[in-house]
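Enquirer: Okay, handing you the structure first.
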Amino acid sequence: MHIELMDRVNEAVVEAFERLMPQLTRHSPPPTYDELLEMAQSKAVHVFLARDRGEIVGTATLGTFRTPTGVHGWIEDVIVDRDARRQGFGKALTEACLEKAQALGLHEVQLTSRASRCSANQLYLAMGFIRRETNLYRYPLK
């Protein structure tokens, strides 16, 4: 198992996202080469890739942004290929995001996970995430 920060984009990275994204959602198409390149070059977006014997089997993203109350971090789009689940990739990807957040001086990191993702929710609780009682609202712009 190897976790790395996506600092460049090639065909293997694009193909991995084309394979992984449908396993997370049917509502968002996989990012294009240009979109992945934009993320790789951003100081606010940190995309981590999990590799098993050289093949990309998972990804997770730490996004950061500043508001008047400080710098905030969100872990987004944690995806592990269905054939590689329950082998520690999700935990390793999440830990990589948390380590980067600490290195950036963040005080906390947030994430959301659908209730139907039982294994993911169990993992986050076991890692020390605290479930918040809050209302999350979405306003669709399209």
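Residue numbers for the sequence shown follow my numbering, so the first one is 73 and each next one is one higher. Using N, Cα and C, we set each Cβ at its ideal position, and we do this for glycine too. Model, not experiment: these values are computed from the prediction.
1) For L197 and A173, which I take to be in contact (beta-carbon distance under 8 Å), what is that distance rounded to the nearest angstrom?
2) Using only alpha-carbon positions, find the residue among R189, S188, Q182, H74 that is nearest to E205.
3) With a CB to CB cut of under 7 Å and the five nearest residues on each side skipped, what residues in its chain are close to E167?
4) Taking the Cβ atom as the reference point for each residue, do G130 and I147 lie within a distance shorter than 9 Å?
5) Can you tell me the Cα-Cα spacing of L114 and Q95, whole angstroms?
6) Taking the beta strand (DSSP E) that G142 belongs to, which residues open and close that run?
7) If we call anything under 9 Å between Cβ atoms a contact, is L121 one with A156?
Expert: Result, derived from the coordinates:
1) In the sequence shown, residue 197 corresponds to position 125, counting from 1. In the sequence shown, residue 173 corresponds to position 101, counting from 1. About 18 Å separates the two Cβ atoms, so there is no contact after all.
2) Sequence index remark: in the sequence shown, residue 205 carries index 133 (1-based). Cα-wise, what sits closest to E205 is Q182.
3) Here residue 167 corresponds to residue number 95 of the sequence shown, with the count starting at 1. Here the set comprises nothing.
4) Locating residue 130 in the sequence shown gives position 58, counting from the first residue. Locating residue 147 in the sequence shown gives position 75, counting from the first residue. No, these two residues do not count as a Cβ contact at 9 Å.
5) On the sequence shown, residue 114 is found 42 positions in, with the first residue counted as 1. On the sequence shown, residue 95 is found 23 positions in, with the first residue counted as 1. Rather than Leu, the amino acid found at residue 114 in this sequence is Ser. Rounded to whole angstroms, S114 to Q95 spans 25 Å at the Cα level.
6) To locate residue 142, count along the sequence shown from 1; it is residue 70. Unbroken beta strand (DSSP E) run through G142: 142 to 152.
7) Position 49 of the sequence shown, counting from 1, holds the residue named residue 121. Position 84 of the sequence shown, counting from 1, holds the residue named residue 156. It is not a contact, given that the beta carbons lie outside the stated cut-off.
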